[in-house]
Amino acid sequence: MTRLLLMSDTHVPVRAKDLPAPLWEAVDAADVVVHAGDWMAVELLDALQARAARLVAVWGNNDGDALRARLPEVAYAEIDGVRLAVTHETGAAQGREKRCAARFPDVDVLVFGHSHIPWDSTAENGLRLLNPGSPTDRRRQPTHTWMTAEIRDGALTDVVLHPLER
């Protein structure tokens, strides 16, 4: 079993000085940390790289040259038989499943961000789309959020959206 932690749109230090303590605890407990962009500062990338057992991450539209030099726009990883892709933007909600299934035909799970709105859906071809929301900038959402999941026997299981009142 592999424990995943999914986050996006952290916007540190613009929206928060640091990640919330419960999220750092989740980083420590995870086997793989996934970050879907909009970091805002290289210092958070450095901190996550130092603390996470494994980090799979991309840059977002608000990330500058220093982050773009160190991170890809799209990241791919195979984790215990599950093919994962990470990107920041996927476009409008309408038609997202069909569009992403066409763009990522050889992927089992797509983690994305940008909207700050949690999302969990499955495309017709079986592609699971996950957006963990934001742990620091909830926008119109009732709480700040991130996700955890597990990979067991080559399948993604136990996807949980974690709310955080700040």
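Residue numbers (numbering that gives the first Met the number 0): 0 to 165.
All C-beta atoms, glycine included, are put in the ideal place defined by N, C-alpha and C.
For clarity, every value in this text was computed on a predicted model and none was experimentally measured.
(message) Can you look up residue 100 in the DSSP assignment and give me helix, strand or coil?
(response) Numbered from its first residue, the sequence shown carries residue 100 at position 101. Three-state result, residue 100: helix.
(request) Alpha carbon to alpha carbon, how far is residue 61 from residue 156? Give it in angstroms, no decimals. (result) What you label residue 156 is simply residue 157 of the sequence shown in a count that begins at 1. What you label residue 61 is simply residue 62 of the sequence shown in a count that begins at 1. Distance between residue 156 and residue 61, taken at the CA atoms: about 31 angstroms.
(request) Please state whether DSSP places residue 64 in a helix, a strand or coil. (result) Taking the sequence shown and counting its residues from 1, the one referred to as residue 64 is at position 65. It is helical.
(message) So, with DSSP's three-state summary, where would you put residue 73?
(response) Translated into positions along the sequence shown, residue 73 becomes position 74. Of the three classes helix, strand and coil, the one that applies to residue 73 here is strand, per DSSP.
(request) Would you be able to state if there are at least three C-beta pairs under 8 angstroms between the stretch 96–107 and the stretch 21–33? (result) no
(message) Between which two residues does the beta strand (DSSP E) holding residue 19 run?
(response) Position 20 of the sequence shown, counted from the first residue, corresponds to residue 19. Premise fails: residue 19 is in no beta strand (DSSP E) and is neither H nor E.
(request) Using 10 angstroms around the beta-carbon of residue 132, count the other beta-carbons present and answer buried if the total reaches 16, otherwise exposed. (result) To locate residue 132, count along the sequence shown from 1; it is residue 133. Counting Cβ neighbours within 10 Å, residue 132 comes out buried, since at least 16 surround it.
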